[in-house]
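Colleague: The numbering of the sequence shown is UniProt numbering, which starts it at 1 and goes up by one. A virtual CB, placed ideally from N, CA and C, is assigned to each residue, including glycine. Keep in mind that this is a model prediction, so the values were computed, not measured. What follows is a single structure, and I will ask about it in a moment.
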Amino acid sequence: SASASASATPSESATESVSASATPSPTPTTTSPTPSPTEAPICFSVHSSATQWTPAGLKSVTLGDLRPGDLVQAFDADGKLALTEVVLVQHHNTWDTTQLLRIAYRTEGGEEKSLHVSENHYLVKGLQPRVYQLARDFMVGDELLIAGVNGHSVAKIISRTVVEEPVRNVLTTSDMIIVDGVLASSYTNVLGISPMLQALLTLPLKALNALGLGKLAQNLDAFANKLVLRS
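So this is what it looks like as structure tokens:
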């Protein structure tokens with residue numbers, strides 16, 4: 001996702017005081033500037049989970065724990081579980097909170113889980129052909145594609161609420177990732193650009209990462225994010 005984090009809104013209200021004197025003189029007043037709201041990040045909660053490969057085996061980690069070069073679980077064209085490399089972790093240097101959807105779902109086995117995601121992030125609606133749908137368009141009663149034991153499965157959405165949390169987004173070499181158990185894209189609805197085209201536009205970043213220039217890729221991505229917000 002390519003967005004900046006939302007600025008905190010001041011919670012203190014200004015108070016006024018009036019003093020009277022025989023010869024009133026003007027009292028200078030100062031007004032603190034009100035922070036301008038910025039675009040909300042388009043991604044997942046920093047506390048959302050992914051499954052990371054380690055030499056000791058697979059383990060559940062938060063997106064805030066991931067770093068470029070880590071291997072995480074995603075899925076292939078057939079919806080089977082596969083590993084993919086983390087190229088970038090976006091918004092890694094901020095802990096400001098923003099509004100996210102909390103999409104609670106129930107698996108076929110009766111287990112209840114939830115996905116914390118911004119409304120403009122693409123989730124996988126279908127696999128063959130690959131179909132994406134914005135998180136905001138998934139309603140109660142709709143089905144989500146989730147990770148199963150040997151591949152993908154389906155779960156039913158049981159509620160939608162709003163939460164405020166710090167955010168992260170993860171770009172992988174395959175453009176896919178499983179977050180909070182749900183099959184998701186690395187991409188969002190940015191300027192109306194499709195996930196397929198965004199995958200092409202991020203090829204230079206992936207190439208830099210493959211050459212060991214991950215820091216440069218991170219800086220270029222942050223610069224591109226600022227340009228998008230100003231457009």
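#1: Return the CA-CA distance between residue 56 and residue 190, expressed in angstroms with no decimal places.
#2: Taking the alpha-carbon of residue 135 as reference, which of 201, 94, 186 and 199 has the nearest alpha-carbon?
#3: Got a sec? Which residues, its chain only, sit under 7 Å from residue 209 by beta carbon, not counting five neighbours each side?
#4: Alpha carbon to alpha carbon, how far is residue 262 from residue 122?
#5: Per DSSP, what kind of secondary structure is residue 218 in: helix, strand or coil?
#6: In three-state terms, what does DSSP make of residue 198?
#7: For residue 169, which three-state DSSP category applies?
#8: Excluding sequence positions up to five away, which residues of its chain have a Cβ less than 6 Å from the Cβ of residue 36?
#9: I need the boundaries of the alpha helix (DSSP H) containing residue 205, first residue and last residue.
#10: Quick one, which of 66, 213, 178 and 99 has its alpha-carbon nearest residue 54's?
#11: Kindly list the residues whose CB is nearer than 8 Å to the CB of residue 176, restricted to its own chain and excluding five residues on each side of it in sequence; keep chain order.
#12: Within a Cβ cutoff of 6 Å, which residues of the same chain sit near residue 198, ignoring the five residues on either side of it in sequence?
#13: Where residue 262 and residue 211 are concerned, what is the direct C-alpha to C-alpha distance, given to the nearest angstrom?
#14: Tell me the DSSP secondary structure of residue 77 in three-state form.
#15: Express the C-alpha separation of residue 48 and residue 139 in angstroms, rounding to a whole number.
#16: If you run the structure through DSSP and keep just helix, strand and coil, what is residue 181?
#17: Could you tell me the boundaries of the beta strand (DSSP E) in which residue 57 lies?
#18: Shortest alpha-carbon distance to residue 131 belongs to which of 44, 59 and 195?
#19: What would DSSP say about residue 130, mapped onto helix, strand or coil?
#20: What did DSSP end up calling residue 136 once you bin it into helix, strand or coil?
#21: Please classify residue 70 as buried or exposed, where buried requires at least 16 neighbouring CB atoms within 10 angstroms.
#22: Does the segment 110-117 come close enough to the segment 90-97 that 3 or more CB-CB pairs lie under 8 Å?
#23: Could you tell me the alpha carbon to alpha carbon distance between residue 166 and residue 89, rounded to whole angstroms?
Modeller: In short, the structure shows the following:
#1: 38 Å
#2: 186
#3: 68, 87 and 217
#4: Because residue 262 is not part of the residues shown, which for the chain are 1 to 231, the question remains open.
#5: helix
#6: helix
#7: strand
#8: Caution applies to residue 36, whose pLDDT of 31 falls short of 50 and renders its modelled position unreliable; the model cannot decide the point.
#9: 203-210
#10: 66
#11: 74, 75, 84, 124, 183, 184, 185 and 186
#12: 187
#13: The structure shown has nothing for residue 262, since the chain only spans 1 to 231.
#14: coil
#15: 20 Å
#16: coil
#17: 57-62
#18: 195
#19: coil
#20: helix
#21: buried
#22: no
#23: 13 Å
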